[in-house]
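Those protein sequence lines, which keep their order, are chains A and B. With this note's numbering applied, the first sequence covers 1 to 206. With this note's numbering applied, the second sequence covers 1 to 206. The beta carbon of each residue, even a glycine, is placed where N, CA and C say it ideally should be. Since the structure comes first, as structure tokens, the remarks are kept for the end.
Number of protein chains: 2
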Amino acid sequence: MVRSNIPNIVVGRIPLYLRELTEMAAEGKVITSSQELGQRLGISSAQIRKDLSQFGEFGKQGTGYNITFLAEQLRRILKVDRLWSVVLVGAGDLGHAVANYGGFIDRGFRITRVYDIDPSKIGQKIGTFTIQDVAAMVDDIQKERIKIAMLAVPASDAQSVTDMLVEAGIQAILCYAPVSLKIPDGVKIQYIDPVLRLQHMTFYVP
Amino acid sequence: MVRSNIPNIVVGRIPLYLRELTEMAAEGKVITSSQELGQRLGISSAQIRKDLSQFGEFGKQGTGYNITFLAEQLRRILKVDRLWSVVLVGAGDLGHAVANYGGFIDRGFRITRVYDIDPSKIGQKIGTFTIQDVAAMVDDIQKERIKIAMLAVPASDAQSVTDMLVEAGIQAILCYAPVSLKIPDGVKIQYIDPVLRLQHMTFYVP
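Take a look at the structure:
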């Protein structure tokens, strides 16, 4: 598998397959098929077989996929067979929700530090986290070789914080601010803007 | 423009163009080009021209796009030249963040009701909202002809709440729970699962 040869859109579907396989395993299932997986996800079985074939050979013709085995392989491919440390920047309402979210740890990610720029927030607690001064962030990230950041700051602060994260060596940013950020080649970014999703759907609502 | 003929993936980029045009207008810009828009978004200018051409003719060769005019047209195309009422189901940490988020109203959406299933939460306040009993939800939605819902409930409750929303006549669901839901043809759904985005990026992190 040459990672750079695999279309980005295919890579983007693998986490979805992994999530559904994990759910199937939790239901006690042992074997599945591309048909069953496709039906549960609303994706064609041909698409699923084609996507998986980019990464290797995971099942035998006619016998289906062993769910635990396939999930393990996908975790390895996505590099979430380990636990990544993540910094969270922004301790507003959304930052609180992200910091308290219990769904990261089982899927490869652990928030280790929470930062804010607002002096009145620094030192306060979110769950088990103490909100830290963003001024210490670059040093902390470099010292701890953290590669991933989540950005829950206002749109107006997002670019300046991103510049700091990039300077610190962050390789992947999940941005909750509704903006398009400038980042150097090689750094990955993904955006979560609920309004983009809502506006996509209203196009179709009669 | 025949809406069903336009590829879904193209429709999905229009809200992004609209967001960037709105940002440009706020910066005081009057005219832009597909080159400038593309550079700001990290999308090729050819792609932008091709996408926009699916919906009509918005600029003259060589003179660029009038930003305010194009933004207005895109708002009309996406049907966000009006204000959609939205119900929010789930008043946990994430529900609080969504209910308090100030970024919906300017972009076509207004949360009008917040529901939860937990008796200890019903009657409590989130900002100006009073959390209401999910038992009243189907009636309320039908009476008020609400078409859009946001789902911020635990994964284990997401399907049962979705079934209620569909029964009530909801046409579009934005789901924050990390699950794939069964919905009838014709109802639109979009998902926000930050872990899928993080796992997409770790594939590429050295």
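So what does DSSP say about residue i, is it helix, strand or coil?
i	result
residue 176(A)	coil
residue 192(B)	coil
residue 12(B)	helix
residue 63(A)	coil
residue 226(B)	Since the first and last residues shown for chain B are 1 and 206, residue 226(B) lies out of range.
residue 31(A)	strand
residue 1(A)	coil
residue 146(A)	coil
residue 169(A)	coil
residue 21(A)	helix
residue 140(A)	helix
residue 6(A)	coil
residue 48(A)	helix
residue 38(A)	helix
residue 157(B)	helix
residue 198(A)	helix
residue 185(A)	coil
Looking at residue j and residue i, is the spacing between their C-beta atoms short of 8 angstroms?
i	j	result
residue 94(B)	residue 152(B)	yes
residue 169(B)	residue 141(B)	yes
residue 200(A)	residue 11(B)	yes
residue 97(B)	residue 91(A)	no
residue 189(B)	residue 183(B)	yes
residue 16(A)	residue 196(B)	yes
residue 87(B)	residue 131(B)	no
residue 134(A)	residue 116(A)	yes
residue 55(A)	residue 1(A)	yes
residue 247(B)	residue 75(B)	Shown here, chain B extends from 1 to 206; a query on residue 247(B) therefore has no answer.
residue 51(A)	residue 13(A)	yes
residue 22(B)	residue 71(B)	yes
residue 40(A)	residue 20(A)	yes
residue 161(B)	residue 171(B)	no
residue 126(B)	residue 99(B)	yes
residue 202(B)	residue 89(A)	no
What residues from chain D crowd round residue i, counting only those whose CB sits closer than 8 angstroms?
i	result
residue 60(A)	Checking the listed chains, one finds no chain D in this structure; the protein chains it contains are A and B.
The segment 22-36 of chain B / the segment 57-68 of chain B touching (three or more Cβ pairs under 8 angstroms): With the cut-off at 8 angstroms, the segment 22-36 of chain B and the segment 57-68 of chain B touch.
Inside the segment 52-137 of chain A only - beta strand (DSSP E) runs reaching at least 3 residues: Considered as a whole, the segment 52-137 of chain A harbours 84-89, 109-116, 129-133 as its complete beta strand (DSSP E) runs of no fewer than 3 residues, in chain order.
The segment 101-119 of chain B contacting the segment 41-56 of chain B, beta-carbon criterion three pairs below 8 angstroms: The segment 101-119 of chain B, when compared against the segment 41-56 of chain B, does not touch it at the 8 angstroms Cβ threshold.
Within 8 angstroms of chain B by C-beta, residues of the segment 111-134 of chain A in sequence order: Identification of residues in the segment 111-134 of chain A having a C-beta nearer than 8 angstroms to some C-beta of chain B yields an empty set.
Three CB pairs or more closer than 8 angstroms across the segment 176-186 of chain B and the segment 147-167 of chain B: Counting Cβ pairs under 8 angstroms, three or more are found: they touch.
Interface residues of the segment 84-104 of chain B facing chain A [CB-CB below 9 angstroms]: Within the segment 84-104 of chain B, the qualifying residues are 84, 86, 92, 93, 94, 95, 96, 97, 98, 99, 100, 101, 103, 104.
Contact residues within the segment 180-198 of chain B, judged by C-beta distance below 7 angstroms to chain A: When CB distances to chain A are screened at a threshold of 7 angstroms, the residues of the segment 180-198 of chain B falling below it are 180, 188, 190, 192, 194, 195, 196, 197, 198, in chain order.
Contact residues within the segment 37-51 of chain A, judged by C-beta distance below 9 angstroms to chain B: So the close ones are 40, 41, 42.
Members of the segment 9-36 of chain A near chain B, C-beta cut-off 8 angstroms: Within the segment 9-36 of chain A, the residues whose Cβ lies closer than 8 angstroms to some Cβ of chain B are 11, 12, 14, 15, 16, 18, 19, 20, 23, listed in chain order.
Interface residues of the segment 70-81 of chain B facing chain A [CB-CB below 8 angstroms]: Here the close residues are 77, 78, 79, 80.
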